[in-house]
Structures are given as C-alpha cells and as structure tokens.
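S.K.:
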Amino acid sequence: MEFTALFLAVTVVLLVAWRGARGPALALFAATLAACVATYLHHASDVLKLSF
Amino acid sequence: MSRPLAVMLNALGLYGIALVLAAAFAAQLILQELPCPLCLLQRIAFALLAVGPILNVRFGPRPSHYALSLLVATAGAAFAMRQVLLHIMPDDPGYGSALLGYHYYTWAFIGFAVAIVLIAAVLLFDRQFEDGKMQAVEAGAFARAAVWLVIGLTALNVVATLLQCGFASCPDNPVDYELLKRGPA
Numbered sequence: 004m005e006f007t008a009l010f011l012a013v014t015v016v017l018l019v020a021w022r023g024a025r026g027p028a029l030a031l032f033a034a035t036l037a038a039c040v041a042t043y044l045h046h047a048s049d050v051l052k053l054s055f
Numbered sequence: 126m127s128r129p130l131a132v133m134l135n136a137l138g139l140y141g142i143a144l145v146l147a148a149a150f151a152a153q154l155i156l157q158e159l160p161c162p163l164c165l166l167q168r169i170a171f172a173l174l175a176v177g178p179i180l181n182v183r184f185g186p187r188p189s190h191y192a193l194s195l196l197v198a199t200a201g202a203a204f205a206m207r208q209v210l211l212h213i214m215p216d217d218p219g220y221g222s223a224l225l226g227y228h229y230y231t232w233a234f235i236g237f238a239v240a241i242v243l244i245a246a247v248l249l250f251d252r253q254f255e256d257g258k259m260q261a262v263e264a265g266a267f268a269r270a271a272v273w274l275v276i277g278l279t280a281l282n283v284v285a286t287l288l289q290c291g292f293a294s295c296p297d298n299p300v301d302y303e304l305l306k307r308g309p310a
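Chains A and B are the protein sequences, given in the same order. Plus 3 on top of the position in the first sequence (first one is 1) and you've got our numbering. Plus 125 on top of the position in the second sequence (first one is 1) and you've got our numbering.
1. If L274 of chain B and F32 of chain A are in contact, beta carbons under 8 Å, what's the gap, nearest whole angstrom?
2. Does the segment 271-286 of chain B come close enough to the segment 225-238 of chain B to have 3 or more Cβ pairs within less than 8 Å?
3. Check whether the segment 10-30 of chain A touches the segment 215-226 of chain B, counting contact only when three or more Cβ pairs, one atom from each stretch, lie closer than 8 Å.
4. I'd like to know whether the C-beta of I74 of chain B is nearer than 8 Å to at least one C-beta of chain A.
5. With 8 Å as the threshold, decide whether the Cβ of A47 of chain A is near any Cβ in chain B.
6. Just to make sure I have the definition right: I need the residues of chain A whose C-beta is within less than 9 Å of the C-beta of L154 of chain B. Which are they?
7. Taking DSSP as the reference, what is the three-state secondary structure of A223 of chain B?
8. Check H190 of chain B in the structure and name its three-state DSSP category.
9. Kindly identify the DSSP beta-bridge partner or partners of H228 of chain B.
10. Rounded to whole angstroms, how far is the Cβ of V283 of chain B from the Cβ of T14 of chain A, which I believe are closer than 8 Å?
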C-alpha cells in the first residue's frame with residue numbers, strides 16, 4: 004500500500020512540476036523524497052534471514 | 126551549451142527514464158516477475174528522477190533543478206546497493222532473473238551512477254544558465270511528448286502496484302496480484 008501511495012505522490016509531483024508553479028513542485032518533491040527515504044529506512048531495519 | 130540544447134538533452138534524459146520504466150514493466154508483464162518492495166522503491170526513484178528534467182524543460186535549465194536529480198540519483202543508488210549487498214554472498218541466486226549477466230537491481234545501481242555522472246557533466250556547461258537570465262525555453266513537441274510519456278508510465282505504476290499489493294503491505298517475495306486473486310467458490 005505504501006508503494007502505491009509513493010507512486011501516486013510521484014505522479015502528482017510530476018504533474019505539478021509540468022503544469023503547476025515551481026514552489027509547490029519543489030515542496031512536494033522534498034516531501035516525496037523524504038517519504039521514500041523513510042520507507043527505505045523502515046525496510047532496511049527489518050531482520051535479515053541470512054543462512055550462513 | 127545553449128539553453129535550447131540543454132533542454133533537448135533534458136528531454137533525452139526523460140526518454141531514458143521512460144525506457145527504464147517501460148523495461149521494468151516489460152519484465153513484469155512478459156516474464157511474470159513481480160517487483161519486490163526494494164525493486165518498487167528503485168522504480169519510484171527512477172520516476173522521481175524525472176522531476177529535475179521536467180522543471181528544466183518547463184522553466185529553463187537551473188542548477189537547482191539538476192541538484193534535485195542528483196539527490197534522487199544518490200538515494201536511488203543507495204536503494205539499489207542495499208539490494209546488491211543482500212545478495213552478495215557466494216551461491217546466492219539473487220532476486221529475479223538476470224539480464225546480460227546482471228540482475229535488475231545491479232542494472233539499477235549502474236543506471237543511477239550513470240545519471241550522476243551525466244548530470245555532473247551537463248553542469249560543467251555554464252552558458253546554459255547565463256543566456257536570457259533564467260527565462261524559460263519554449264518546449265517543442267519532442268520534449269512535451271517525453272514529459273507525458275514519463276507521467277503516463279508513472280501513473281500506470283500506481284495501478285500496477287495497487288493490483289499487486291492491494292491495500293496491505295507489499296509481500297517480500299510477491300508471486301501474484303493481490304487484487305486479482307479469486308476468492309473461494
């Protein structure tokens with residue numbers, strides 16, 4: 004679900020960058036990138052099932 | 126480098142991003158290989174990489190627009206490197222099939238690294254920022270088509286990811302589309 008939301012957020016950022024004003028596009032970009040990094044850190048903190 | 130030439134190069138970059146997103150879709154639909162969570166995150170980073178070029182096409186080339194792309198490419202390379210390291214042990218088969226000897230996440234790391242080098246190379250040319258005091262350049266049909274192609278492919282990913290993951294967290298090793306599963310008869 005979180006990845007669907009991230010793809011949707013990126014689509015909105017791209018549309019605002021193309022059709023909207025520059026300021027809101029930059030703000031939305033920063034929020035989306037922060038959400039991507041937060042999602043990455045959430046998954047990176049999972050316990051790894053290593054077999055060696 | 127003139128501003129129109131810089132805009133043309135940014136449009137070519139958008140076509141490159143579209144090619145990556147389309148290739149990922151082809152692997153998903155033709156080879157029936159569903160993307161894992163980290164794979165999806167790398168796709169998202171590729172799509173977000175398009176923000177800088179789109180702003181350059183719309184408002185004209187600015188160093189800050191290239192900086193956005195550099196930030197995303199660095200994050201994307203970190204996402205891809207994480208997955209490379211997860212499968213670094215000898216005899217690990219890796220995730221998914223390989224293309225020309227490398228798995229998709231290895232290609233993704235190479236793609237993000239190439240993007241960083243290319244953006245740095247384009248930033249070497251100061252004249253694109255001097256002409257016209259940062260005024261916008263009229264985007265031609267070639268550039269406009271590139272923008273809509275990337276936006277369309279990203280929107281398709283919204284639908285594909287919703288079908289794959291449904292309304293729950295995406296599984297680590299997805300084998301089918303959650304929303305297309307048939308219930309008990």
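Glycine included, C-beta positions come from ideal geometry on N, C-alpha and C. Everything numeric in this text was worked out from a predicted model, so none of it was measured.
M.R.: Taking the structure as given:
1. About 19 Å; that fails the 8 Å criterion.
2. Touching, no.
3. The segment 10-30 of chain A makes no contact with the segment 215-226 of chain B; the number of CB pairs closer than 8 Å stays below 3.
4. This structure gives no information on residue 74 of chain B, because the portion of chain B shown stretches from 126 to 310.
5. With 8 Å as the cut-off, A47 of chain A counts as an interface residue toward chain B.
6. Going along chain A, no residue has its Cβ under 9 Å from L154 of chain B, so there is no contact; the nearest lies around 16 Å.
7. Of the three classes helix, strand and coil, the one that applies to A223 of chain B here is strand, per DSSP.
8. Three-state DSSP puts H190 of chain B in a helix.
9. Beta-bridge annotation (DSSP): H228 of chain B is paired with B:A223.
10. Their Cβ separation, rounded to whole angstroms, is 6 Å, which keeps V283 of chain B and T14 of chain A in contact under 8 Å.
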